[in-house]
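Chemist: Just so we're aligned, residue 184 is where the sequence shown starts under the working numbering, counting upward by one.
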Amino acid sequence: MNKYVERRDLGYKDYKQTWDYQEQLFKGIVDTKIKNRREELQLPTNNYFLFVEHPHVYTLGKSGDLSNLLLNESQLQENIHKYLRFLEEMIILTLAEYGLKAERSKGETGVWLDVGTPFARKICAMGVRASRWVTMHGFALNVNANLGYFDNIIPCGIRGKAVTSLNVELGIKEVPVEEVKEKLLKHFANLFEAKFTS
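Here's what the structure looks like:
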């Protein structure tokens, strides 16, 4: 199993351009896996950890069709469940370094503050696509987010709960994004036993 992960920082990039880029990387990995299977090879598949910041964007999930899955549902659920819990843990550990007690909210994917109180608020949303054991997308941690945009939607379809950002929780204008990235990478590497390449 390839534990090496290539870190790529895309900076500030349009959502659709980023989507297309992720699709390109995703296709390359899946194509390698198919070639390995068909030709009985063991070519290594690449792993990527992408950092990107988008202009403000609203996304809607698609309702999928289980007939498109190449795994049975229980295998997929087990794999994705563990992956999501590790991503959540990475965020929780990172926020702890800022003195915030973040946690999971039962039945709601993502990372929250003040769970179980009237002040519960989401600081990190998650969405993952998986095919042939290859995942795409991931987490959206609000670091210096303009929270006004959330007034126009029901975030993640969850009513009655607020959304927050790291800078708001710390009571400062702006959190250094590079600092947050380094903390995330450290916890990701520990949890997934990964080694980053530049």
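Quick reminder that beta carbons are idealized off the backbone N, C-alpha and C, glycines included. Note that the structure is predicted; figures quoted are calculated from it, not measured.
For T277, does the three-state DSSP call read helix, strand or coil?
Modeler: In this structure, T277 counts as helix in the three-state DSSP scheme.
Chemist: Applying the 10 Å Cβ sphere with the 16-neighbour rule, what's the burial state of L367?
Modeler: Under this definition L367 is a buried residue.
Chemist: Of the residues P301, L296, A313, which one's Cα is nearest the Cα of K265?
Modeler: Residue A313 is the option with its Cα nearest to K265.
Chemist: Going along the chain, which residues of its own chain have a beta-carbon closer than 6 Å to the beta-carbon of L226, five neighbours each way excluded?
Modeler: So the qualifying residues of the chain are T215, N219.
Chemist: CB-CB under 6 Å to H320, same chain, minus the five flanking residues each way: which ones, in chain order?
Modeler: So the qualifying residues of the chain are G310, V311, R312.
Chemist: Here's the rule: buried if 16 or more other CB atoms are within 10 angstroms of the residue's CB, otherwise exposed. What is K305?
Modeler: The residue is buried, with at least 16 neighbouring Cβ atoms inside 10 Å.
Chemist: Just the Cα atoms here: how many angstroms apart are N373 and V188?
Modeler: If you take the alpha carbons of N373 and V188, they lie about 12 Å apart.
Chemist: Mind checking whether L270 and L283 have CB atoms under 8 Å apart?
Modeler: No. Outside cutoff.
Chemist: Taking buried to mean at least 16 other C-beta atoms within 10 Å of its own C-beta, is L249 buried or exposed?
Modeler: The predicted position of L249 is uncertain, since its pLDDT is 45 and thus under 50; no value can be drawn from it.
Chemist: Closest to T277 by CA distance: which of A377, F371, I212 is it?
Modeler: Of A377, F371, I212, the residue nearest in Cα terms is F371.
Chemist: To the nearest angstrom, how far is the alpha carbon of E352 from that of N262?
Modeler: Going by the C-alpha atoms only, they are around 32 Å apart.
Chemist: With a floor of 3 residues, list each beta strand (DSSP E) that falls wholly inside the stretch 300-324, ordered by position along the chain.
Modeler: Runs found: 304-314, 317-324.
Chemist: Using the three-state DSSP reduction, which class does G290 fall into: helix, strand or coil?
Modeler: In this structure, G290 counts as coil in the three-state DSSP scheme.
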